[in-house]
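Participant:
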Amino acid sequence: MAAMTEPIPANADQINEDVFRTLQPPTPLYVLAILLMGGITTAGVGALAYQTYFGMGVTGLQHPVMWGVYITTFVFWVGIAHAGTLISAILYLFRAKWRNAINRGAEAMTVFAVITAGQFPLIHIGRLWKFYFMLPYPNQRGLWVNFKSPLMWDVFAVGTYTTISILFLIVGLIPDIAAARDRIPDWRRHLYNVLSFGWRGTGEQWRHHARAVLHLSGLATPLVLSVHSVVSWDFAVSLVPGWHTTIFAPYFVAGAIFSGIAMVITVLVPVRASFGLHAVIRAEHFDNMGKFIVLTSTIVGYAYATEFFMAWYSTNAFEQAAFWHRAFGDYWWATWIMITCNVIVPLPLWIKRVRLNVTWMWITSIFINIGMWFERYVIITTGLSHEYSPAAWGYYTPSWVEMTILAASFSFFMMFFLIFLRMFPIVAVQEVKETYYENEGAR
Amino acid sequence: MSATISQPRSMPRGPMLIFGALALVGIVTFGVGLSQDPERAYRVYLHNWLMWAVLAQGALVLSSAMRLTNANWQGPIHRVLDSMGAFVPLSLLLFVVVWIGRSHLFQWVDPVWAAEHIHGKELWLSDPSTFLRDVVLLAYLAGVSKIYLYMSIRPTLGAARDNPSTPMKGMVDMWTRGWRGEAAERALAEKRCRKMAAVVALSFTIGYSFIATDMIMSLAPHWISTMFPAYFAWGGFLSAVSLATLILLFMRNSDGLAGQFTESRRHDMGKMIFAFSIFWMYLFWSQYLVIWYGNIPEETSFIVARLGTQFVQDTWYLQGFWTRISEPYVKLTLVTWILLWVVPFWVLLGQKPKKTPIILGTVAFGSLFGFWIERYILVTPSLITPEQVLAGAAVTPFGWMEIGVALGFVGLFFLCFLAFAKVFPGAIPAKS
Amino acid sequence: MAEVLGVLKHPLDTADAVTKLRGAGFEDLNVYSPVPSHEIEHALHRGESGVRLWTLIGGLTGVSLGYLMTIWMSYDWPLVIGGKPFASIPAYTVIAFELTILFGGVLTVAGLVVHGLILSRDTSSAYRPSFSGGEFGCVVNCHSDQIPRVQELLQGAGCTEVRVVEG
Numbered sequence: 007m008a009a010m011t012e013p014i015p016a017n018a019d020q021i022n023e024d025v026f027r028t029l030q031p032p033t034p035l036y037v038l039a040i041l042l043m044g045g046i047t048t049a050g051v052g053a054l055a056y057q058t059y060f061g062m063g064v065t066g067l068q069h070p071v072m073w074g075v076y077i078t079t080f081v082f083w084v085g086i087a088h089a090g091t092l093i094s095a096i097l098y099l100f101r102a103k104w105r106n107a108i109n110r111g112a113e114a115m116t117v118f119a120v121i122t123a124g125q126f127p128l129i130h131i132g133r134l135w136k137f138y139f140m141l142p143y144p145n146q147r148g149l150w151v152n153f154k155s156p157l158m159w160d161v162f163a164v165g166t167y168t169t170i171s172i173l174f175l176i177v178g179l180i181p182d183i184a185a186a187r188d189r190i191p192d193w194r195r196h197l198y199n200v201l202s203f204g205w206r207g208t209g210e211q212w213r214h215h216a217r218a219v220l221h222l223s224g225l226a227t228p229l230v231l232s233v234h235s236v237v238s239w240d241f242a243v244s245l246v247p248g249w250h251t252t253i254f255a256p257y258f259v260a261g262a263i264f265s266g267i268a269m270v271i272t273v274l275v276p277v278r279a280s281f282g283l284h285a286v287i288r289a290e291h292f293d294n295m296g297k298f299i300v301l302t303s304t305i306v307g308y309a310y311a312t313e314f315f316m317a318w319y320s321t322n323a324f325e326q327a328a329f330w331h332r333a334f335g336d337y338w339w340a341t342w343i344m345i346t347c348n349v350i351v352p353l354p355l356w357i358k359r360v361r362l363n364v365t366w367m368w369i370t371s372i373f374i375n376i377g378m379w380f381e382r383y384v385i386i387t388t389g390l391s392h393e394y395s396p397a398a399w400g401y402y403t404p405s406w407v408e409m410t411i412l413a414a415s416f417s418f419f420m421m422f423f424l425i426f427l428r429m430f431p432i433v434a435v436q437e438v439k440e441t442y443y444e445n446e447g448a449r
Numbered sequence: 101m102s103a104t105i106s107q108p109r110s111m112p113r114g115p116m117l118i119f120g121a122l123a124l125v126g127i128v129t130f131g132v133g134l135s136q137d138p139e140r141a142y143r144v145y146l147h148n149w150l151m152w153a154v155l156a157q158g159a160l161v162l163s164s165a166m167r168l169t170n171a172n173w174q175g176p177i178h179r180v181l182d183s184m185g186a187f188v189p190l191s192l193l194l195f196v197v198v199w200i201g202r203s204h205l206f207q208w209v210d211p212v213w214a215a216e217h218i219h220g221k222e223l224w225l226s227d228p229s230t231f232l233r234d235v236v237l238l239a240y241l242a243g244v245s246k247i248y249l250y251m252s253i254r255p256t257l258g259a260a261r262d263n264p265s266t267p268m269k270g271m272v273d274m275w276t277r278g279w280r281g282e283a284a285e286r287a288l289a290e291k292r293c294r295k296m297a298a299v300v301a302l303s304f305t306i307g308y309s310f311i312a313t314d315m316i317m318s319l320a321p322h323w324i325s326t327m328f329p330a331y332f333a334w335g336g337f338l339s340a341v342s343l344a345t346l347i348l349l350f351m352r353n354s355d356g357l358a359g360q361f362t363e364s365r366r367h368d369m370g371k372m373i374f375a376f377s378i379f380w381m382y383l384f385w386s387q388y389l390v391i392w393y394g395n396i397p398e399e400t401s402f403i404v405a406r407l408g409t410q411f412v413q414d415t416w417y418l419q420g421f422w423t424r425i426s427e428p429y430v431k432l433t434l435v436t437w438i439l440l441w442v443v444p445f446w447v448l449l450g451q452k453p454k455k456t457p458i459i460l461g462t463v464a465f466g467s468l469f470g471f472w473i474e475r476y477i478l479v480t481p482s483l484i485t486p487e488q489v490l491a492g493a494a495v496t497p498f499g500w501m502e503i504g505v506a507l508g509f510v511g512l513f514f515l516c517f518l519a520f521a522k523v524f525p526g527a528i529p530a531k532s
Numbered sequence: 449m450a451e452v453l454g455v456l457k458h459p460l461d462t463a464d465a466v467t468k469l470r471g472a473g474f475e476d477l478n479v480y481s482p483v484p485s486h487e488i489e490h491a492l493h494r495g496e497s498g499v500r501l502w503t504l505i506g507g508l509t510g511v512s513l514g515y516l517m518t519i520w521m522s523y524d525w526p527l528v529i530g531g532k533p534f535a536s537i538p539a540y541t542v543i544a545f546e547l548t549i550l551f552g553g554v555l556t557v558a559g560l561v562v563h564g565l566i567l568s569r570d571t572s573s574a575y576r577p578s579f580s581g582g583e584f585g586c587v588v589n590c591h592s593d594q595i596p597r598v599q600e601l602l603q604g605a606g607c608t609e610v611r612v613v614e615g
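Protein chains in written order, with our numbering: chain S, 7 to 449; chain L, 101 to 532; chain X, 449 to 615.
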């Protein structure tokens, strides 16, 4: 088996060396990648400036489809953010040791994905400078924000999620930054000196640290369920056929974890290959992530089936029409991309040999990312384009502005991830070492 | 260890007598009930059947889940879960009674009524086809369960196989055909069970989703909720976790289990009840919030029948709270909510209570009892609406018929549990 | 007073050393570890971390604030819609929940900063960079006349190196 032949770390110092290899001075390829990502991001900023200057008319958004690529992308990135918390908090509580080679990468992805996601509601409102309307303060007439609106819930949910995921990342990073401080001789040591907050790994410090991580995990676990549930309620509490359905919350959460884990694989496979982290991020990690993909893909498939079944069973003409339209209407192609990528493509992952095949996992993960983006696209656009009155039906085509900003969201995310990669240990050294001492490091 | 627990032994007489008596009480009560008030008798029967059928299957899902997640739970504890699954085939048989009583339970079995009221649903809900579908599903589930049990139990049958006086020797021989020696069998069982575990879990979810749709949702034939099937199945799983905890706590000092249900495992079980009850509450809430916010009469009718008018959209305030909370079924629904979430959450929040047998046991029992009421609440208000109650229809979860039939199901469940131990001595140690 | 440093290679050895030293009456100990270790924590026997309380206070603050803020703001400028109550409890539950987590999490980290980073700040010269790599340190504060005894205990516990840091 592939897992057997891969090297395991020789000793604890080796783990430091392996991981800190990512902190070496950048290679030309890395610089090129940063430049490319920066370029695409700049194009996105240009498109945004264009949109801001000329108004929302430059997008494809028009009656009746007033939510399009921006909201789709918002939901997509919030979803991506979920894997980090799943891997770091939930698996921590369940004491699944395999998580520790990938949790740091996943946590960092969470932070950048949430930050990416958080921009889309702002882009979507068009008048960027009015963002503070979402904060709970009274306007000139003394009127407060409407807490009954799910969009307000979103502000709180995503705001909390951003804060907690950043704190989670930092708390986990402190001991590793201390290790970097003791090892990296260049200018960054001053940065590490500050960011390690005087950490020395004393018994006293670890005691409080362990307690804090436990509590943060305990808080982050229900948080991760709530965030995507709240996002799902943006749709589900409305009365739009195809949106108003009770299963949305757990279905969205499962989909979020599904896409998030896929994104972890998409990102970590190249990182592992280019920095030779094979001893730390091993095939067994992909095997385990593959199991999560199988599980969540099944849940998502179950939700699709339930929705279609209930629409038919309801004998409600509007529900039936909405789902008929979804599968065979104007957006049939998007729906079938979604079903193919999310339910059919992951099927081979039921077989262990396939899960251990890193290349296969990587390709599958890319398909899942595509499929999950289309899932949100399908839900949003098919729902809005065919509501109750046929006189108000429409078709939505995204404009180049939206597509540019969508592309820029990926490059924006990747750019931050690449920078993080060079600045901080991408693998939770302390935890990998902990497992090392528990398993291989017999006395 | 395996040598001592694999020896055939007689059934523990005390429990057998008690559970036999309970089963008898149930059968007699049901019989008398049928002659007096068949509607009520079938209603009570359906409620209890739902509770125990999904629980037994849920126990096997728990066993599967432990195998899939590499949980460090060895032999005897798996055997307890396996024995709980012994009720699965019987639940298929008991379903026939629901079929017999169909005209007392389901309005839609009357094609004239169906054509008039739920036109379009006859394709899904009609007299023989719905029941045939469910029988096929339950038979499939029983088949899957049997295969899983066979794989799981087989390595423990070594001693029984060599002993000519084993009860049901023929079956034991059949289940140990091609015996490879205990060590090889154990390794093989572990591998096979892991494969089968995924099938068990998946079949459970799909199977009981349909049962929930056909046997509960269809009682209120206009109501739909995409969450409901998953919510019901999850409840079944959680009730199995609670009962497994309770059984393990009761038997933790009996011979084959002694030293198995350690403090750290009690802690794990406590964590499971804690986490899964939060998830149950989450599912409950997610379903409720969407219906509450949407405020479509078709959807809220189901909530109003159970939670009254206090918790529908515009009456979440204190004025008139006590009047509205005294509407039929409302307090009962709130009790389930307290037993299934409030108590497990607040009591099991710390580490100590999870490890303390008496506290953990009380919470587990409360959760189990909560599910019994919850199943009652899912079934009854659809058949005896609050309006009917207000007009004078007598309805209580604690009448003689309700309690009697419930005891009967408890008796039957544990008779299966003990019988399984009789036939497969490695399965469960007797109480010494 | 003197500081004696023993260098070890494994968390379990370190935990053993701590147990032995505490058994011999040396309570003023410090351990450097590159990894979190239940065994060391157990051996040091320091009880529950004060971070617990911070989380609890944060969570309770968050949940009360969530409900109070939303309800108060609804009544501060009442919007009359079809005779419905101004405050909408289920909708506000979502916000109260998020604020519970937010305040609970932020105060947990604040507790970590106070207890773990400020109050237990370590400036001993016994620290060396290898303690964030693959080595463990066990520092004993003792009277100068007890140094030989401590050295002996540390040697016996399997230290690869024993050194008096200052004395």
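Cβ atoms here follow ideal geometry from the backbone N, Cα and C, with glycine treated the same way.
Within the continuous alpha helix (DSSP H) that includes S:Tyr-167, where are the two ends?
Facilitator: Where S:Tyr-167 is concerned, the enclosing alpha helix (DSSP H) stretches over 156-187.
Participant: Can you tell me whether X:Gly-473 is buried or exposed, with buried defined as 16 or more other CB within 10 angstroms of its CB?
Facilitator: Its Cβ having fewer than 16 others within 10 Å, X:Gly-473 is exposed.
Participant: Within the 7 Å Cβ cut-off, does S:Trp-212 reach chain X?
Facilitator: Closer than 7 Å: yes.
Participant: Helix, strand or coil, according to DSSP, for S:Glu-23 in the structure here?
Facilitator: In the structure shown, S:Glu-23 sits in a helix (DSSP, three-state: H, G or I).
Participant: Does DSSP classify L:Ala-260 as helix, strand or coil?
Facilitator: Correct three-state label for L:Ala-260: helix.
Participant: State yes or no: is the beta carbon of X:Ala-544 nearer than 7 Å to at least one beta carbon in chain S?
Facilitator: Output row for X:Ala-544: interface = no.
Participant: Count the other C-beta atoms from every protein chain shown that fall within 10 angstroms of the C-beta of X:Asp-524, then say buried if there are 16 or more, exposed otherwise.
Facilitator: By the 10 Å Cβ count, X:Asp-524 comes out exposed.
Participant: Just to confirm my understanding: we take L:Ala-320, look at its own chain, exclude 5 residues before and 5 after, and list those with CB closer than 8 Å. What are they?
Facilitator: Once the five neighbours on either side are set aside, the close Cβ partners of L:Ala-320 are Ser-401, Phe-402, Ala-405, Ser-482.
Participant: Put X:Leu-453 into one of helix, strand or coil per three-state DSSP.
Facilitator: X:Leu-453: strand per DSSP, three-state reduction.
Participant: Answer yes if the segment 225-234 of chain S comes into contact with the segment 44-52 of chain S, meaning at least three C-beta pairs across the two stretches below 8 Å, and no otherwise.
Facilitator: The segment 44-52 of chain S vs the segment 225-234 of chain S: no contact.
Participant: By Cβ distance, which residues of its chain are closer than 7 Å to X:Ala-558, with the 5 residues on each side in sequence left out?
Facilitator: Result list for X:Ala-558: Trp-502, in chain order.
Participant: What residues in its chain sit with their C-beta under 6 Å from that of L:His-367, if we drop five residues either side in the sequence?
Facilitator: Same-chain partners within the cutoff: Lys-454, Lys-455.
Participant: Could you confirm whether any beta carbon from chain L is found closer than 7 Å to the beta carbon of X:Lys-532?
Facilitator: True, the Cβ-Cβ gap to chain L drops below 7 Å.
Participant: Which complete alpha helix (DSSP H) runs does the segment 84-127 of chain S hold, if anything under 4 residues is left out?
Facilitator: Listed in chain order, they are 88-91.
Participant: Consider the Cβ of L:Trp-392: report whether some Cβ of chain X lies at a distance smaller than 7 Å.
Facilitator: Yes, L:Trp-392 counts as interfacial toward chain X.
Participant: Buried or exposed: which applies to X:Met-449, given that a residue is buried once 16 or more other Cβ atoms fall within 10 Å of its Cβ?
Facilitator: Counting Cβ neighbours within 10 Å, X:Met-449 comes out exposed, since fewer than 16 surround it.
Participant: State the Cα-Cα distance for the pair S:Asn-199 and S:Asp-182, rounded to the nearest angstrom.
Facilitator: Their Cα atoms are separated by approximately 11 Å.
Participant: Quick test of your reading: S:Ala-303 and S:Val-349, contact by CB under 8 Å. State the CB separation rounded to the nearest angstrom.
Facilitator: The question names Ala, but residue 303 of chain S is Ser in the sequence shown. Confirmed, Cβ separation roughly 6 Å.
Participant: Determine the direct distance from the alpha carbon of S:Ala-285 to that of S:Thr-11, and round the result to whole angstroms.
Facilitator: Reliability fails at S:Thr-11, whose pLDDT of 40 lies under 50, so the model's placement of it is uncertain and the value that follows must be treated cautiously. Cα to Cα, S:Thr-11 sits roughly 10 Å from S:Ala-285.
Participant: For S:Gly-45, count the other beta carbons within 10 Å of its own beta carbon; 16 or more makes it buried, fewer makes it exposed. Which is it?
Facilitator: The residue is exposed, with fewer than 16 neighbouring Cβ atoms inside 10 Å.
Participant: With a CB to CB cut of under 6 Å and the five nearest residues on each side skipped, what residues in its chain are close to L:Thr-104?
Facilitator: Per-residue confidence for L:Thr-104 stands at a pLDDT of 42, beneath the threshold of 50, marking its modelled position as unreliable; the derived number appears in the next sentence. Result list for L:Thr-104: empty, nothing under 6 Å.
Participant: With distances taken Cα to Cα, identify the nearest neighbour of L:Trp-392 among L:Met-317, L:Leu-449, L:Ser-325.
Facilitator: For L:Trp-392, the nearest C-alpha among the options comes from L:Ser-325.
Participant: Quick check: the Cα distance between S:Gly-124 and S:Phe-419, rounded to an integer number of angstroms?
Facilitator: S:Gly-124 and S:Phe-419: Cα-Cα distance of roughly 12 Å.
Participant: Quick check on DSSP: helix, strand or coil for S:Tyr-76?
Facilitator: S:Tyr-76 falls in the helix class under three-state DSSP.
Participant: Distance cutoff 7 Å, beta carbons only. Does L:Tyr-382 sit that close to anything in chain S?
Facilitator: Yes - at least one Cβ of chain S is within 7 Å of the one on L:Tyr-382.
Participant: Please name the residue, chosen from L:Ser-203, L:Ser-265, L:Phe-195, L:Trp-149, that lies closest to L:Val-236 on a Cα-to-Cα basis.
Facilitator: Of the candidates L:Ser-203, L:Ser-265, L:Phe-195, L:Trp-149, the one whose C-alpha sits nearest the C-alpha of L:Val-236 is L:Phe-195.
Participant: According to DSSP, is L:Gln-488 part of a helix, a strand, or is it coil?
Facilitator: Of the three classes helix, strand and coil, the one that applies to L:Gln-488 here is helix, per DSSP.
Participant: How would you write the range of the alpha helix (DSSP H) that L:Cys-293 sits in, first residue to last?
Facilitator: Here the alpha helix (DSSP H) through L:Cys-293 covers 282-315.
Participant: Which residues does DSSP list as the beta-bridge partners of X:Tyr-480?
Facilitator: X:Tyr-480 pairs with S:Thr-208, X:Gly-585.
Participant: Check distances from the C-beta atoms of the segment 246-258 of chain S to those of chain L and list, in chain order, the residues that come in under 9 Å.
Facilitator: Result list: His-250, Thr-251, Thr-252, Ile-253, Phe-254, Ala-255, Pro-256, Tyr-257.
Participant: Rounded to whole angstroms, what's the CA-CA distance from S:Leu-141 to S:Pro-127? Just pull it up for me.
Facilitator: Roughly 13 Å separates the two Cα atoms.
Participant: In the DSSP assignment, what residue or residues form a beta bridge with S:Gln-326?
Facilitator: Per DSSP, none; premise fails for S:Gln-326.
Participant: Buried or exposed, going by whether 16 or more other CB atoms sit within 10 Å of the CB of L:Ala-287?
Facilitator: With fewer than 16 Cβ atoms within 10 Å of its Cβ, L:Ala-287 is classed as exposed.
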